[in-house]
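This report concerns only the one structure given below.
There are 4 protein chains.
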Amino acid sequence: MAEPQPKTQTKTRIQAINEDIILSAALEVFSAFGYRGSTVDQIAERAGMSKPNLLYYFHRKDDIYRAVLEKTLAQWLTPLRGLDPNGEPLAEIARYIRAKMAMSRDNPKASRLFANEMLHGAPAIGDFLSGPMKVLVDDTARIIKTWIAKGQIAAIDPYHLIFSIWAMTQHYADFDIQVRAVLGADSEHFADAETTIIRLIQDGLKPRS
Amino acid sequence: MAEPQPKTQTKTRIQAINEDIILSAALEVFSAFGYRGSTVDQIAERAGMSKPNLLYYFHRKDDIYRAVLEKTLAQWLTPLRGLDPNGEPLAEIARYIRAKMAMSRDNPKASRLFANEMLHGAPAIGDFLSGPMKVLVDDTARIIKTWIAKGQIAAIDPYHLIFSIWAMTQHYADFDIQVRAVLGADSEHFADAETTIIRLIQDGLKPRS
Amino acid sequence: MAEPQPKTQTKTRIQAINEDIILSAALEVFSAFGYRGSTVDQIAERAGMSKPNLLYYFHRKDDIYRAVLEKTLAQWLTPLRGLDPNGEPLAEIARYIRAKMAMSRDNPKASRLFANEMLHGAPAIGDFLSGPMKVLVDDTARIIKTWIAKGQIAAIDPYHLIFSIWAMTQHYADFDIQVRAVLGADSEHFADAETTIIRLIQDGLKPRS
Amino acid sequence: MAEPQPKTQTKTRIQAINEDIILSAALEVFSAFGYRGSTVDQIAERAGMSKPNLLYYFHRKDDIYRAVLEKTLAQWLTPLRGLDPNGEPLAEIARYIRAKMAMSRDNPKASRLFANEMLHGAPAIGDFLSGPMKVLVDDTARIIKTWIAKGQIAAIDPYHLIFSIWAMTQHYADFDIQVRAVLGADSEHFADAETTIIRLIQDGLKPRS
DNA sequence: AATGAATGAGTGTTCATTCAT
DNA sequence: CATGAATGAACACTCATTCAT
Chain W
1 MAEPQPKTQT KTRIQAINED IILSAALEVF SAFGYRGSTV DQIAERAGMS
51 KPNLLYYFHR KDDIYRAVLE KTLAQWLTPL RGLDPNGEPL AEIARYIRAK
101 MAMSRDNPKA SRLFANEMLH GAPAIGDFLS GPMKVLVDDT ARIIKTWIAK
151 GQIAAIDPYH LIFSIWAMTQ HYADFDIQVR AVLGADSEHF ADAETTIIRL
201 IQDGLKPRS
Chain G
1 MAEPQPKTQT KTRIQAINED IILSAALEVF SAFGYRGSTV DQIAERAGMS
51 KPNLLYYFHR KDDIYRAVLE KTLAQWLTPL RGLDPNGEPL AEIARYIRAK
101 MAMSRDNPKA SRLFANEMLH GAPAIGDFLS GPMKVLVDDT ARIIKTWIAK
151 GQIAAIDPYH LIFSIWAMTQ HYADFDIQVR AVLGADSEHF ADAETTIIRL
201 IQDGLKPRS
Chain Y
1 MAEPQPKTQT KTRIQAINED IILSAALEVF SAFGYRGSTV DQIAERAGMS
51 KPNLLYYFHR KDDIYRAVLE KTLAQWLTPL RGLDPNGEPL AEIARYIRAK
101 MAMSRDNPKA SRLFANEMLH GAPAIGDFLS GPMKVLVDDT ARIIKTWIAK
151 GQIAAIDPYH LIFSIWAMTQ HYADFDIQVR AVLGADSEHF ADAETTIIRL
201 IQDGLKPRS
Chain C
1 MAEPQPKTQT KTRIQAINED IILSAALEVF SAFGYRGSTV DQIAERAGMS
51 KPNLLYYFHR KDDIYRAVLE KTLAQWLTPL RGLDPNGEPL AEIARYIRAK
101 MAMSRDNPKA SRLFANEMLH GAPAIGDFLS GPMKVLVDDT ARIIKTWIAK
151 GQIAAIDPYH LIFSIWAMTQ HYADFDIQVR AVLGADSEHF ADAETTIIRL
201 IQDGLKPRS
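Written out as structure tokens, the structure reads:
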């Protein structure tokens, strides 16, 4: 029953572990200081290894950056995939908003890394945007259009609906510092924000009588 | 009849002109590459002057950065100031959204500069956030609460309403590259986005019968 | 029988060697041009290494400077420590003068480095002056006072005696160029100077009958 | 009886005044920081004029430096000129020491400027040293030799006697910071030092019976 | 798999000096 | 006489990357 081990492993155990450590460290650093603002030294220190050793795994700074981005993007799209065309639209969208909001709360660094890329013109993930991401958005927009066609929700531009949801949910990760400056450092604002956003969207989508 | 010339000018003509040129160039560069990603050389080149000459006006890179931020922040808050407590709430808010959206369309670089500061923890404008900005947000929230108390709009958390509007409108400046990757480069999406956002918000604010 | 090698060396062989090379080069350069007049490039070139490599060992120019000073100060105070309270005063002092003179002859660069620091207000070694150096001078003055009290030497201010000896001996290192301009480049003036100084001091210290 | 004014003045009143102001400022700055450690800006500021204006009077930094040195050297040699061959030797030398000491006390900056030049190899006044200064020293040495020949003072190397006097007196200007670190900041040590030095020298010069 | 050592190409900043007025 | 503006050349220091072991 056990998977047969290949004779020549492409990756040793320690390699896989170290790459994970590096990518975690890199996410911390890159999300906090941006690409140019981060140094390989910083990442190496946070990863608890020497700079040359780090570069043994990822030969250039750019490689580390792209690897982190790639890993991040994968999990980033996950919630969007879950829209069920046959589900109840408002419930489906509420579920989606909750999933997005959970990402912002639980993984704000990934959100900020992503936002930083966008802000600077997406030099590393331009292909991703016009490729897989566009496909996914188009698919999702199609589902929404079906709902509209069936009269299940009000007629609204599905693309801008998606963008609005993204914007509102990611805001609490990306502009966290601003939110905290206004609402106070320890306030539990994620729950309130979620309620407000879901209500705004659901009210906006209710079919007109 | 001639305007009397002040004997001691604090700034010469050429000084004012050059400072303006520098700040424009700096906005371009900083908004595109972030603080650390920008070099004084880049700014100088775009400003059409030598690096030492640029530093003759602003002694350190940081000074340029703060000057641009300051100039930007001033205009950034402008639309928020306009909420009229005695106006018709839904119309007032629609007007506000349009003003915000216009800023995103007409001055996306300022928006990205600001977003970049937030993303990196607002090292340069922390005081501004917890100071003038918080005051302004609190004032605005108070107006909205009044409207709610009078039953003019539905009961909704005013702070998260404000954040949502900010998020949705700024998104089209900050994530411009992503929007364009999905909707196409030359699509005139600002108008559609505005319509969608206004509708979402207005529907969400309509008082329950 | 073999000496056990310590597992964790704090300094590698090459590190110790290079630091020595750097400090030698730095003494040459700093003593010739002063702190501000010396460039890291100069020191690196004289040390036979690249500037970044030099800064790999001493992170800032100031670190190099302080390291040289510290190393120099240690050997600088050595002769003063040798005054034996129970020795014959005139012989003790003659020995001291000879030791000081030898330092000026054999290590004039250290003397000039030190003199330069003094001239500019001792920004880097102010603490040393009012700390260890003052203690040592006070101790020495006390010995001299004992000799005076016992009637072994004439009553003279011990502090100014010490300063005078320092001044006369160091002069041949610090003002070397002037001495050579007057006495000729290759004249062996150190020996004559020593004789003269010892005689002046000894005659001045002979107890009055 | 009045000196006729030349029609075309080589120097206007204001020119002479400003040059004096500049040289005073330059002495302050150069003596404190050395040549390379001083900036034209610093001198201009202390002189209360703009940098270009300062450079209107002295075209290059080096010109200012040389002018200060020259002015300083003139007054520096003054006391040495005063040795009267026919005076009483011990009294003459005591007078000389007092004059030298007065210079150290009243014009320590000039002393330090001069010392700094020597320390760094006298790049600007090498000619002066082997020229006028050597002549003066030789002359003075000749007078001393005459005294020795007449049996008025003990046989001692006149050159090293001169150097010793210079060293001891200048020490209190050049190493002022060190002296103050040991003797205390406000102690009036110049008088004591003078007494000590005169006594050392006079005792050393008393003819042997 | 890991690290100490080394370096070329920047990067912000200073400064003497010149230019134009 | 005086000054605001401008710049080339340096200079301290950083950083991604490579080399040797």
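Keeping their order, the protein sequence lines are chains W, G, Y and C.
Under the numbering used here, the very last position in the first sequence is 209; numbers go up by exactly one each time.
Under the numbering used here, the very last position in the second sequence is 209; numbers go up by exactly one each time.
Under the numbering used here, the very last position in the third sequence is 209; numbers go up by exactly one each time.
Under the numbering used here, the very last position in the fourth sequence is 209; numbers go up by exactly one each time.
Heads up, the beta-carbon is just placed ideally off N, CA and C, and yes, glycines get one too.
This one's a predicted model, so the numbers in the text were calculated from it and none came from an experiment.
In this structure, DSSP gives S104/C a helical state, which the three-state scheme calls helix. Contact between A124/W and E117/W is confirmed by a C-beta separation of about 6 Å, below the 8 Å threshold. Counting only residues of its own chain and dropping the five nearest sequence neighbours on each side, K145/G has a CB closer than 7 Å to the CB of P158. With a threshold of 8 Å between beta carbons, T196/G makes contact with chain W. Contact between A181/W and L129/G holds: CB atoms are separated by about 4 Å, below the 8 Å threshold.
Contacts between N116/G and chain W, judged by CB atoms closer than 7 Å, involve L119 in chain order.
The closest CA to that of R66/Y, considering only R95/Y, T169/Y, T78/Y and S31/Y, is found on S31/Y. From the beta-carbon of R112/Y, the residues of chain C found nearer than 8 Å are L119. Going by C-alpha positions, D192/Y is about 23 Å away from Y96/C. A91/W has its alpha-carbon roughly 10 Å from the corresponding atom of I198/W. Sixteen is the threshold: when 16 or more other Cβ atoms of the shown chains lie within 10 Å of the Cβ of E194/C, as they do, the residue is buried.
Non-local C-beta neighbours of E88/Y in its own chain, meaning closer than 6 Å and more than five positions away in sequence, are absent. By the C-beta criterion, the region 34–54 of chain G is judged not to be in contact with the region 72–84 of chain G, since fewer than 3 inter-stretch pairs fall below 8 Å. For I177/Y, the closest C-alpha among the options T169/C, E19/C, D127/C and G204/C is that of D127/C. It is roughly 55 Å from the alpha-carbon of T140/W to the alpha-carbon of H59/Y. G34/W sits close to H120/G, with the two beta carbons spaced by under 8 Å. Using a Cβ-Cβ cut-off of 7 Å, Y159/Y is close to V182 and L183 of chain C, given in chain order. Listed along the chain, the chain C residues whose CB falls inside 8 Å of the CB of L73/Y amount to none; the nearest CB is some 12 Å away. Where G204/C is concerned, the enclosing alpha helix (DSSP H) starts and stops at H189 to L205. With 16 or more other CB atoms across the displayed protein chains lying within 10 angstroms of its CB, K100/C is buried.
Of all alpha-carbon atoms in A149/C, D186/C and N107/C, the one lying nearest the alpha-carbon of D174/C is that of N107/C. Listed by position along chain W, the residues whose Cβ is nearer than 8 Å to that of Q152/G form an empty set, because the closest Cβ is around 16 Å away.
For the region 35–67 of chain C, the set of positions with a beta-carbon nearer than 8 Å to some beta-carbon of chain Y reads Y35, R36 and G37 in chain order.
I177/W reaches chain G at M118, G121, A122, G126 and L129, counting residues in chain order whose Cβ is nearer than 8 Å. For M101/W, none of the residues of chain G pass the 8 Å Cβ criterion, the least Cβ distance being about 12 Å. Remark: C-beta atoms of I143/W and P85/W approach each other more closely than 8 Å.
In this chain, the alpha helix (DSSP H) harbouring S31/W covers R13 to G37. Interface flag for S164/G against chain W is set, since a Cβ pair is found closer than 8 Å.
Take I165/C, set aside five residues on each side of it, and the residues of its chain with a beta-carbon closer than 8 Å to its own are I93, Y96, I97, K100, I197 and I201, in chain order.
Listed along the chain, the chain W residues whose CB falls inside 8 Å of the CB of F33/G are R36 and H120. With a threshold of 8 Å between beta carbons, D186/G makes no contact with chain W. The beta carbon of A91/W sits no closer than 8 Å to any beta carbon of chain G. If you draw a straight line from the Cα of L136/Y to the Cα of G82/Y, it is about 11 Å long.
Beta-carbon to beta-carbon, G131/C and D203/Y are separated by about 34 Å, too far to satisfy the 8 Å threshold. Under the criterion of beta carbons closer than 8 Å, L113/G and L23/G do not qualify as touching, at roughly 11 Å.
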